[in-house]
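Residues 323 to 447 (the numbering used here) are what the sequence shown spells out, left to right.
Idealized CB from N, CA, C, for every residue including glycine.
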Amino acid sequence: MKTITIGLAALLFSTAASFAADAWKEANVGGTKIYTDAKGMTLYTYDKDEKGKSNCYDKCAANWPPLKAKAGAKASKGWTIVDRTDGTKMWAYDGKPLYTFIKDKKAGDVSGDGVAGVWHIAKAD
323 MKTITIGLAA LLFSTAASFA ADAWKEANVG GTKIYTDAKG MTLYTYDKDE KGKSNCYDKC
383 AANWPPLKAK AGAKASKGWT IVDRTDGTKM WAYDGKPLYT FIKDKKAGDV SGDGVAGVWH
443 IAKAD
């Protein structure tokens with residue numbers, strides 16, 4: 323029974339961690355480690371957000387789509403889930419909500435970095 327319990331606990335932990343890992347990954351762009359979504363699109367942070375709270379809605383969110391968290395997603399190792407006022411959930415790293423940029427057309431594009439002085443690439447530790 324003890325072996326089954328330990329095995330089940332390990333399975334549950336790896337399953338919870340996989341929810342986060344399915345949403346994002348690390349990439350290397352120009353010698354810098356960054357975070358991307360599962361498709362390799364660069365993730366960005368927004369200076370006008372608060373820790374654990376998104377302030378990007380409507381036109382902003384149309385240009386900077388939030389990194390959506392699937393139902394049942396679990397926080398893991400610095401990755402947390404932010405509840406948006408529109409009822410959806412999104413991923414945050416170190417409390418900073420994460421977004422892609424509509425003008426990035428392919429994996430590795432970083433055209434959103436520095437836009438309006440408030441958008442920045444999400445760099446991996």
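Alpha-carbon spacing of residue i relative to residue j, whole angstroms
i	j	result
Lys-375	Tyr-357	19 Å
Tyr-368	Gly-394	25 Å
Gly-434	Val-404	22 Å
Lys-355	Asn-385	24 Å
Asn-377	Tyr-421	12 Å
Ile-424	Ala-444	16 Å
Trp-441	Lys-373	15 Å
Candidates the options, of which the one nearest residue i by Cα
i	options	result
Trp-413	Asn-350, Asp-426, Ala-397 and Ile-443	Ala-397
Thr-407	Lys-347, Asp-380, Glu-348 and Ala-438	Asp-380
Ala-345	Val-351, Thr-364 and Gly-352	Thr-364
Pro-419	Thr-402, Lys-428 and Val-432	Thr-402
The alpha helix (DSSP H) enclosing residue i, as first and last residue numbers
i	result
Lys-381	381-385
Continuous beta strand (DSSP E) stretch holding residue i: start and end
i	result
Thr-364	No beta strand (DSSP E) holds Thr-364; DSSP gives it neither H nor E.
Asp-371	Looking at the DSSP string, Asp-371 is not in any beta strand (DSSP E), and its letter there is neither H nor E.
Asn-350	346-351
Asp-359	354-359
Complete alpha helix (DSSP H) runs within the segment 392-425 (minimum length 4 residues, chain order)
none
Whether or not the segment 408-427 and the segment 386-393 are in contact is what I'm after, with contact meaning three or more pairs of Cβ atoms, one per stretch, closer than 8 Å; do they touch?
They touch, by the three-pair rule.
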